[in-house]
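Down below is the structure, laid out as structure tokens.
Numbering (our numbering), first residue to last: 368 to 626.
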């Protein structure tokens, strides 16, 4: 069993903002020479979006979907001092410290449901992944899917796990299904949901959730507004994922009914 290793790199150059993202991610260069899409801890949903991105991405990888490599990215305070745009300057200032980067897939094209082709098994896995992590952000308007090297890559899971924005009520979400799956961009192609569910259960080893949750930096789990300790939060994420996996047949039925 392989432990999840996530590299840490330093940002050495801020290249340009990606204006299509609501949270203003940016293309940056790291000290390893590669380009990354940097997700900022100082953006709207803050560190919780980074946590959702990390868990969602690593879970997608675990079930056999293509996800760009994720790295932790150190950002120092020198970038905000030379940035002329005030909005970006503030974002850089509030994001000093550890952020999350995704390997930049150069010349990738956005998935277009009217043009792009995708096999039914992959579509079914993506639909069930998004049901498991309550990802509200994979619609025709905003697919968060890329075509690169003739393969489908899943990105942007920051809007998942919305229960963690209010820890007082998180347990209410344990038994809920995910009715918003009706808006999923791949639902019409997801005709092999039962098979996909079986494969997902096979590919998630008994402590896979613990491994993924263990990669979350302690620093991202600390906030004055949260009522739980970092350890309690880790346990909550694991309990949530186990609860969702145990009801995957219900999620299959919900998706099939919606389709």
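Beta carbons: idealized from backbone N, C-alpha and C, even for Gly. Note that the coordinates shown come from a computational prediction; the quantities given were computed from them, not determined experimentally.
Beta-carbon spacing of residue 611, residue 429 below 9 Å: no
Other residues of its chain near residue 552: CB distance less than 8 Å, five sequence neighbours each side excluded: 478, 480, 505, 506, 507, 510, 512
Candidates 446, 571, 556, 476: closest to residue 487 by CA position: 556
Segment limits, beta strand (DSSP E) that includes residue 438: 437–442
Nearest residue (CA-CA) to residue 583, options 530, 600, 570: 600
Cβ shell of residue 382 (< 8 Å), same chain only, five flanking positions each side left out: 393, 394, 395, 396, 402
Residue environment, residue 368, which counts as buried when at least 16 other CB atoms sit within 10 Å: Legend: pLDDT at residue 368 = 44, less than 50; position of this residue unreliable, value from coordinates given subsequently. Its Cβ having fewer than 16 others within 10 Å, residue 368 is exposed.
C-alpha gap between residue 437 and residue 618, whole angstroms: 28 Å
C-beta contact flag for residue 423 and residue 528 at 9 Å: yes
Contacting residues, own chain, Cβ-Cβ under 6 Å from residue 375 (five flanking each side not counted): 439
CB of residue 378 within 9 Å of CB of residue 522, strictly: no
Straight-line Cα distance separating residue 444 from residue 485: 43 Å
DSSP-derived helix/strand/coil call for residue 356: No answer is possible for residue 356: the residues shown for the chain start at 368 and end at 626.
Nonlocal neighbours in the same chain, by C-beta distance under 8 Å from residue 570, ignoring five residues either side: 429, 430, 431
Coarse secondary structure for residue 524, derived from DSSP in three states: coil
Where residue 493 falls, given that 16 or more other Cβ within 10 Å makes a residue buried: buried
Touching by the beta-carbon criterion (3+ pairs, under 8 Å), the stretch 409–421 and the stretch 459–477: yes
Strand pairing of residue 384, partner residues [DSSP]: 393
Limits of the alpha helix (DSSP H) - the one that residue 495 falls within: 487–499
Integer-rounded CB distance, given that residue 545 should sit under 8 Å from residue 631: Past the boundaries of the shown model lies residue 631; the chain is included only from 368 to 626, so the question cannot be answered.
Counted within 10 angstroms of its Cβ, other Cβ atoms place residue 408 as buried (16 or more) or exposed: buried
Environment of residue 435 [buried if 16+ CB atoms lie within 10 Å]: buried
Paired residues, beta bridge with residue 537 - DSSP: Per DSSP, none; premise fails for residue 537.
Residues that residue 517 bridges to, as DSSP identifies them: Residue 517 pairs with nothing; no bridge assigned.
In DSSP terms, what residue 403 is bridged to: 395, 470
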